[in-house]
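Novice:
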Amino acid sequence: MSSNLDGLDYPTEDLDTTPANLVKPKTSATITVRVIKSFEFRTTKSMVLHELNLEQTTVGQLKDLVRQAIKTQGAWKPYRNVELDTIKLYTVAHGAKARPKLLVTTNLIINLENDETMIWSDDSVMLATLGAENETEVSFFNRKLYDEFKQKPETKWD
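For reference, each letter of the sequence shown is one residue, going 0 to 157 in numbering that gives the first Met the number 0.
(1) In terms of residue numbering, what span does the alpha helix (DSSP H) encompassing Thr-116 cover?
(2) Using DSSP with H/G/I as helix, E/B as strand and the rest coil, what is Thr-154?
(3) Any idea what DSSP makes of Leu-88, helix, strand or coil?
(4) DSSP three-state call for Val-81: helix, strand or coil?
(5) Which one of Arg-66, Lys-87 and Thr-85 has the shortest CA to CA distance from Pro-77?
(6) Can you give the Cα-Cα distance for Glu-136 and Glu-147, rounded to whole angstroms?
(7) Which value, in whole angstroms, describes the spacing of the CA atoms of Leu-126 and Ala-28?
(8) Hey, out of Thr-42, Lys-62 and Lys-25, whose CA is closest to Leu-107's CA?
(9) So, are the CB atoms of Ile-109 and Lys-87 less than 8 Å apart?
(10) For Val-91 and Leu-111, what's the separation of their Cα atoms in angstroms?
(11) By alpha-carbon positions, which one of Leu-64, Glu-54, Met-46 and Gly-59 ends up nearest to Ala-74?
(12) How long is the line joining the alpha carbons of Lys-149 and Gln-72, rounded to whole angstroms?
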């Protein structure tokens with residue numbers, strides 16, 4: 000079987016159609032942590048973590064892992080002056096189809112909705128228990144700055 004895209008024929012029988020969240024097991028997942036320095040200026044940087052065991056890693060351990068990388072890796076120096084204390088689910092691969100009410104966002108830097116279910120406030124809970132799977136994205140930020148931004152969600156860098 001082949002497909003025609005813009006007049007080009009290419010074989011499709013060898014394409015892997017497995018959704019990204021199912022490609023790797025929860026014991027060896029890749030997740031992206033969106034470290035947010037400023038909501039108003041949309042200052043964020045992504046940290047990609049590979050081979051993370053979501054069934055044995057707690058929210059607290061994830062926070063410590065990211066904080067340690069920020070402290071020791073030179074590229075993260077501008078983020079060392081932010082007290083990062085809160086993790087919130089941003090998206091799960093293919094989650095928009097599976098859970099449309101949970102994972103809808105219109106803000107470019109963070110989901111402003113569903114804090115009760117999407118903020119991972121218990122540091123002792125395993126990531127897999129919270130629904131994390133391969134290709135999950137979470138935001139890591141300062142809760143006080145988030146609450147201030149949520150009251151007045153205006154950006155200063157447009």
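No residue lacks a Cβ here, since even glycine has one placed at the ideal position from N, Cα and C.
In this text, all values refer to a predicted model and were calculated from it rather than measured experimentally.
Specialist: Taking the definition as stated:
(1) Taking the first residue of the sequence shown as position 1, residue 116 is located at position 117. It spans 114 to 117 - the alpha helix (DSSP H) in which Thr-116 sits, taken as one unbroken run.
(2) Counting from one through the sequence shown, the residue named residue 154 turns up at place 155. Thr-154 falls in the coil class under three-state DSSP.
(3) Position 89 of the sequence shown, counting from 1, holds the residue named residue 88. Correct three-state label for Leu-88: strand.
(4) Along the sequence shown, one-based indexing puts residue 81 at 82. DSSP places Val-81 outside both helix and strand once states are collapsed to three, so it counts as coil.
(5) Translated into positions along the sequence shown, residue 77 becomes position 78. If we check each option's Cα against that of Pro-77, Arg-66 comes out closest.
(6) By one-based count along the sequence shown, residue 136 stands at place 137. By one-based count along the sequence shown, residue 147 stands at place 148. If I take the Cα positions, the gap works out to 23 Å.
(7) In the sequence shown, the residue the question calls residue 126 occupies position 127. In the sequence shown, the residue the question calls residue 28 occupies position 29. Going by the C-alpha atoms only, they are around 11 Å apart.
(8) Working through the sequence shown from its first residue, we reach residue 107 at position 108. Of the candidates Thr-42, Lys-62 and Lys-25, the one whose C-alpha sits nearest the C-alpha of Leu-107 is Thr-42.
(9) Locating residue 109 in the sequence shown gives position 110, where the first residue counts as 1. Locating residue 87 in the sequence shown gives position 88, where the first residue counts as 1. Taking 8 Å as the Cβ cut-off, Ile-109 and Lys-87 qualify as a contacting pair.
(10) Residue mapping note: residue 91 aligns to position 92 of the sequence shown, counting from 1. Residue mapping note: residue 111 aligns to position 112 of the sequence shown, counting from 1. Between Val-91 and Leu-111, the C-alpha separation is close to 16 Å.
(11) Counting from 1 along the sequence shown, the entry for residue 74 is found at position 75. Ranked by Cα distance from Ala-74, the options Leu-64, Glu-54, Met-46 and Gly-59 are led by Met-46.
(12) As a position in the sequence shown, residue 149 is number 150, starting the count at 1. As a position in the sequence shown, residue 72 is number 73, starting the count at 1. Lys-149 and Gln-72: Cα-Cα distance of roughly 30 Å.
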